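Chemist: Can you keep this structure in mind? I'll have questions shortly.
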Amino acid sequence: MENLLANSTEAVAIILFGIGFTMLLFHRNLFRKLIGLNVMDTGIFLFLASMGYIEGRKAPIIVNGVQSTEAYINPLPASLVLTGIVVSVSVTAIMLSLTVRLYMRYHTLNLDEIYRIADHEEADR
Amino acid sequence: MKIIEVGDVPSLNGEDHDILESVMDGAEVHDSPREKVKIEKEYYKNYVRSSPWAQKLIRTENKGFNVFYLAVAVVSCVLLIGMLLFTISYLPRYGVENPESTAVVRRYVEQGLQETGAVNIISGIILDYRAFDTLGESHVLFTALMCVTVLLRRDRKNMRTQYEDFYTIRDEKYHELYRESIMRLVAAVLLPCLFLYGAYVLLNGQNSPGGGFSGGAVLGSGMMICAAAYGFRSTDKVITKKAANLIAFFALGFYSFAKGYVFFTGANGLENHIPKGTSGAILSGGLILPLDIAVGLVVACTMFGFYSLFRRGSIGGNE
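Protein chains in written order, with this note's numbering: chain A, 3 to 127; chain B, 2 to 320.
Written as structure tokens, this is what we have:
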């Protein structure tokens, strides 16, 4: 518990991840599921960024020629987060366009109704 | 096999035999047409389903499944969060350096300026040490643009099935009719600053925070604001579909060839002829500046392409 309080930023990141996961499971609206997935992404980015932070150090941009690891925070998680953000944007765009196509086809965003209409069409065929 | 008319309710109290099976048997023996068998099957199915006990069973089943789903979902969410929080409490302390995780970074920080010529260490990492990763990232963006084009492009072959209709997508003329005066005033003030800021962030990636992705995103959002305020006619002069494809193709191709040269010379111990420049100036960092520009162009085209495809179903107007 004491460790958890000390690692409160990571704990917040995990709780964000959990909120996103819960939204994915409990909402039947596709847009809300998408928002949940984005919240999950945000939690992971916060986790990675907080893992690289070191108390009292500066951002890794070399100033006045100081080149020692003691002066800067860990730059590796930042670059990983950059990769993650770009991939998250791409995935969100693809999923949104799939949602638009589904809406044009079934005129609803509710996943249950989409399944039901698809079942009826399967039976009609 | 007698043909069942609507309203002719067959008695279920007689011989006990499977209804669907008897229908299938009839189909085999009498060789009746498929359509008739289908109608009979449908009739029996609806008859069984419309009886009160079956309705009750179906409702109970749905309700039971919903309750089961909710219970499993709650349990799995709580378990996941609990397990992850438990793991978090055993991680190294927040804000304290642990030597295991900074072992790789030592080389980047101590040798980065001499090896890459970039003052910004993160730019040096993503565009020099780990440039292959960034190449894959740009390709992911490009592939996403292609996927969205396949899904949302509005033309004769795409989106003209019996189910999908055009009237759900609003026509471009609809947007042109509105003269959005507030939007135009804001855009007139904002656009020059936005493009200047985007170019600054893009070109100074090796010296300050920023780089290809953030600068490209700022430029792309500038184009989005331009299209939203002045209509797509203003952006179609600059970015057509052909131009977007050419920009993406040449940027990604240049990136691949430049990094291929660096990998080839590095792997074979040859001398690298790309000058590093003085650190801190704009023309420094060797290949980082051109690669930043390439990545930024791809990102700007992709962002604007997403917006344009979602709003009107094509990148560069009616080609």
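Where is the CB? At the ideal position from N, CA and C, for every residue including glycine.
Note that the structure is a prediction, hence the values are computed from the model and not measured.
B:Gly270 bridges to which residues according to DSSP?
Modeler: Answer is none; B:Gly270 lacks a bridge partner.
Chemist: Given a cut-off of 8 Å on the beta-carbon distance, is the pair B:Asp134 and A:Thr85 in contact?
Modeler: Yes, these two residues count as a Cβ contact at 8 Å.
Chemist: Between the alpha carbons of B:Lys242 and B:Ser51, how many angstroms are there, rounded?
Modeler: Distance between the alpha carbons of B:Lys242 and B:Ser51: 55 Å.
Chemist: I'd like the span of the alpha helix (DSSP H) that includes A:Ala156, first residue to last.
Modeler: Absent from the structure is residue 156 of chain A, since the part of chain A shown begins at 3 and ends at 127.
Chemist: Starting from A:Asn40 and walking both ways along the alpha helix (DSSP H), at which residues does that stretch end?
Modeler: Per DSSP, A:Asn40 belongs to the alpha helix (DSSP H) from Leu32 to Gly54.
Chemist: Step through the CB atoms of chain A and report whether any lies within less than 8 Å of the CB of B:Tyr48.
Modeler: It does not: the Cβ of B:Tyr48 has no partner Cβ on chain A nearer than 8 Å.
Chemist: Mind checking the region 93 to 108 of chain B against chain A and listing, in chain order, the residues whose C-beta falls within less than 8 Å of any C-beta there?
Modeler: Here the close residues are Arg94, Tyr95, Gly96, Val97, Glu98, Ser102, Thr103, Val105, Val106 and Arg107.
Chemist: Does any residue of chain A have a CB that is nearer than 8 Å to the CB of B:Asn121?
Modeler: B:Asn121 counts as touching chain A.
Chemist: Identify the residues that DSSP records as bridge partners of B:Tyr198: which are they?
Modeler: Note: B:Tyr198 sits in no beta bridge, so no partner.
Chemist: Would you list the one or two residues that DSSP bridges to B:Asn121?
Modeler: BP columns for B:Asn121 point to A:Ile63.
Chemist: Locate the alpha helix (DSSP H) running through B:Gln207, then write down its first and last residues.
Modeler: No alpha helix (DSSP H) contains B:Gln207, which DSSP labels as neither H nor E.
Chemist: State the Cα-Cα distance for the pair B:Ala145 and B:Val263, rounded to the nearest angstrom.
Modeler: Cα to Cα, B:Ala145 sits roughly 28 Å from B:Val263.
Chemist: What in chain A is Cβ-close to B:Glu111, meaning under 9 Å?
Modeler: Those are Gln69, Ser70 and Thr71, listed as they occur along chain A.
Chemist: By Cβ distance, which residues of its chain are closer than 6 Å to B:Leu220, with the 5 residues on each side in sequence left out?
Modeler: Excluding residues within five positions, the ones whose Cβ falls inside 6 Å are Gly199 and Ala301.
Chemist: Using alpha carbons as the reference points, say which of B:Leu153, B:Phe143 and B:Met84 lies closest to A:Val102.
Modeler: Ranking B:Leu153, B:Phe143 and B:Met84 by Cα distance to A:Val102 puts B:Leu153 first.
Chemist: Taking the beta carbon of B:Lys3 as the centre, do at least 16 other beta carbons fall within 10 Å, making it buried, or is it exposed?
Modeler: Residue placement at B:Lys3 is flagged as unreliable, the pLDDT there being 48, under the threshold of 50; the coordinate-derived value follows with that caveat. Exposed.
Chemist: Nearest by alpha-carbon distance to A:Gly40: which of A:Leu26, A:Ala51, A:Phe49 and A:Arg30 is it?
Modeler: It is Asn, not Gly, that sits at residue 40 of chain A in the sequence shown. When only C-alpha atoms are compared, the closest one is A:Leu26.
Chemist: Which of the three DSSP states is assigned to A:Asn9 in this structure?
Modeler: Looking at A:Asn9 - three-state DSSP - the assignment turns out to be coil, as it is neither helix nor strand.
Chemist: Shortest alpha-carbon distance to B:Ala189 belongs to which of B:Ser209, B:Phe311, B:Ala230 and B:Ser215?
Modeler: Comparing Cα positions, the closest option is B:Ala230.
Chemist: Since B:Ile289 and B:Ala119 are thought to touch, with beta carbons under 8 Å apart, how far apart are those beta carbons, to the nearest angstrom?
Modeler: Right, their Cβ atoms sit about 5 Å apart.
Chemist: Name, in chain order, the residues that DSSP records as bridge partners for A:Tyr74.
Modeler: Paired residues: A:Lys60.
Chemist: If contact is defined by three or more beta carbon pairs under 8 Å, each pair taking one atom from either stretch, is the region 84 to 99 of chain A in contact with the region 223 to 240 of chain B?
Modeler: No, the region 223 to 240 of chain B is not in contact with the region 84 to 99 of chain A.
Chemist: With DSSP collapsed to three states, give me the class of B:Val47.
Modeler: Inspection of the sequence shows that residue 47 of chain B is occupied by Asn rather than by Val. If DSSP states are grouped into helix, strand and coil, B:Asn47 belongs with the helices.
Chemist: Check distances from the C-beta atoms of the region 71 to 96 of chain A to those of chain B and list, in chain order, the residues that come in under 7 Å.
Modeler: Correct list: Thr71, Tyr74, Asn76, Pro77, Leu78, Ala80, Ser81, Leu84, Thr85, Val88, Val89, Ser92, Ala95 and Ile96.
Chemist: Report the residues of the region 133 to 150 of chain B with a CB closer than 7 Å to any CB of chain A, ordered along the chain.
Modeler: Taking 7 Å as the Cβ-Cβ cut-off against chain A, the residues of the region 133 to 150 of chain B that qualify are Asp134, Glu138, Val141, Leu142, Ala145, Cys148 and Val149.
Chemist: Quick check on A:Arg103 - is its C-beta less than 8 Å from some C-beta in chain B?
Modeler: Yes, contact with chain B.
Chemist: Which of the three DSSP states, helix, strand or coil, is assigned to B:Gly96?
Modeler: Note: B:Gly96 maps to strand in three-state DSSP.
Chemist: State buried or exposed for A:Asp43, treating a residue as buried only when at least 16 other CB atoms are found within 10 Å of its CB.
Modeler: When all chains shown are included, A:Asp43 counts as buried.
Chemist: With A:Leu82 and A:Phe33 assumed to form a contact (beta carbons below 8 Å), what rounded beta-carbon distance in angstroms separates them?
Modeler: Contact doesn't hold; Cβ gap of about 28 Å is too wide.
Chemist: Got a sec: which bits of the region 19 to 35 of chain A sit with their beta carbon under 8 Å from any beta carbon on chain B, in order along the chain?
Modeler: Within the region 19 to 35 of chain A, the qualifying residues are Phe19, Gly20, Phe23, Thr24, Leu27 and Phe28.
Chemist: List the residues of chain A whose Cβ lies closer than 9 Å to the Cβ of B:Phe251, in chain order.
Modeler: None at all; the shortest Cβ gap to chain A is about 20 Å.
Chemist: Can you give the beta carbon distance from A:Glu123 to B:Gly96, rounded, assuming they're within the 8 Å contact cut?
Modeler: Not really, about 57 Å apart at Cβ, beyond 8 Å.
Chemist: A:Met3: which of B:Leu81, B:Thr88, B:Tyr201 and B:Val76 sits nearest, CA to CA?
Modeler: When each option's Cα is compared against that of A:Met3, the closest is B:Thr88.
Chemist: Using the C-alpha atoms, what's the distance from B:Arg107 back to A:Ile46?
Modeler: Taking the straight line from one Cα to the other gives about 24 Å.
Chemist: Taking Cβ positions, are A:Gly20 and B:Ile82 nearer each other than 8 Å?
Modeler: The answer is yes: Cβ separation under 8 Å.
Chemist: According to DSSP, which residues form a beta bridge with A:Asn112?
Modeler: DSSP output for A:Asn112 lists A:Asn31 as bridge partner(s).
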